[in-house]
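Each remark here refers to the structure printed beneath this line.
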Amino acid sequence: MTDTTTPPPGFRRALAFEWTKFASLRSTVWTTAATALVTMAGAVFVGLSGSLQADDTVLGGSLTLAVVALMTAGAVGALVVCGEYSSGTITATLAAVPRRGRALGAKAALVAGVFGALGLVSCAVVYLLGDAVIDGSHPQGSPLPALFGIAALFSLVGVLGLAIGTLVRHAAGAVVSVVAVLLLPSLLGPLLGGAGPWVAGAAPTAALEKLTQTSDASAEAVGSLGAWPSLALVAAYTALALAGAALVLRRRDV
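If you read the sequence shown in the working numbering, its first letter stands for residue 9, the second for the next number, and so on.
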């Protein structure tokens, strides 16, 4: 007797499923576009207002609102999966891709790819825009290889949002959790005495400040860990969060 059982789709097909769903949702597409637009608005505002400190770099000033874009990336990452839970389509997704780790991996690859590319292109454009409108008396900063690190950070925060969304499953709760992960360490740090800079320095926003070479990224505020080690730290706990999300997803009914 011939076995007619259909084999589960491979990773490339699962990724294609995720892209189709992502591109078909206007809200997701427009929110993703806002990630780029908000950084551009920030560069123009800073340049026209002349609000930079003397020691602020053009790179840091141009990317002043990149932290808002970073929150948007995390929120979209969370909504990629929470939207399916709220609409009930997660059941169809897991029926189409029964291997749940593969389904989550495809979502993570999509989010990382979209926000990595978007982060690199938009931040490069924003830097060039800022260079044109910000007073030339400010130090330039070193855009390379920092822009590649910033793009990687956008990817990581998007995937971190996806992991949180998978764990929480509720859109509002997931978005609030993402914002808390990004902002609470820097808000609570000053209350923790000597440990404060290390707590604040563990946040993705601290890695962003170090990569953009802003004057706010002092050792007293965000610890003495360098920009690239800070990025590696974000990558490490993002990987742990995604692994935990995959484990929970495998054990849940849906």
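We treat Cβ as the ideally placed atom computed from N, Cα and C, and that holds for glycine.
- Secondary structure at Asp261: coil, using DSSP grouped into helix, strand and coil.
- CA-CA distance, Val129 to Met48, rounds to 12 Å.
- Here Leu191 is actually not in contact with Ala249; their C-beta atoms are around 17 Å apart, not less than 8 Å.
- Taking each of Ser57, Pro106, Val66, Val84 in turn and checking the Cα distance to Pro15, the smallest one comes out for Pro106.
- Val141 has its alpha-carbon roughly 43 Å from the corresponding atom of Leu175.
- Assignment of Val37 by DSSP, reduced to helix, strand and coil, places it in the helix class.
- Residue range 108-141 is occupied by the alpha helix (DSSP H) that includes Asp139.
- Nearest neighbour of Ala188 by Cα position, chosen from Thr65, Thr80, Val46, turns out to be Thr80.
- Thr72: not part of any alpha helix (DSSP H); DSSP gives it neither H nor E.
- Pairwise C-beta distances place the segment 73-90 in contact with the segment 176-185, as three or more of them are shorter than 8 Å.
- Bounds of the alpha helix (DSSP H) holding Val207 are 204-209.
- Counting the other CB atoms within 10 Å of its CB gives Gln61 a total below 16, which places it among the exposed residues.
- Closest in alpha carbon position to Ser238, among Thr220, Ala253, Gly252, is Thr220.
- With a 10 Å radius around the Cβ and a threshold of 16 neighbouring Cβ atoms, Phe53 comes out exposed.
- Going by beta carbons, Ser163 and Gly109 fall outside the 9 Å limit.
- Closest in alpha carbon position to Arg258, among Thr97, Val76, Ala160, Ala111, is Ala111.
- In the DSSP assignment, Thr213 falls within the alpha helix (DSSP H) that extends over 212-220.
- Rounded to the nearest whole angstrom, the CA to CA distance from Ala235 to Trp27 is 32 Å.
- For Val230, the uninterrupted alpha helix (DSSP H) run begins and ends at 227-230, by DSSP.
- Counting along the chain, Leu191 sits inside the alpha helix (DSSP H) bounded by residues 179-196.
- Around Gly231, the same chain offers Pro205, Trp206, Gly209 as residues with beta carbons nearer than 6 Å, after the five sequence neighbours per side are excluded.
- Between Pro153 and Leu67, the C-beta spacing is not below 9 Å.
- Per DSSP, reduced to three states, the secondary structure at Thr97 is coil, with no helix or strand assignment.
- A direct Cα-to-Cα measurement between Ala171 and Pro198 gives close to 28 Å.
- If you draw a straight line from the Cα of Ser223 to the Cα of Gly96, it comes to about 46 Å.
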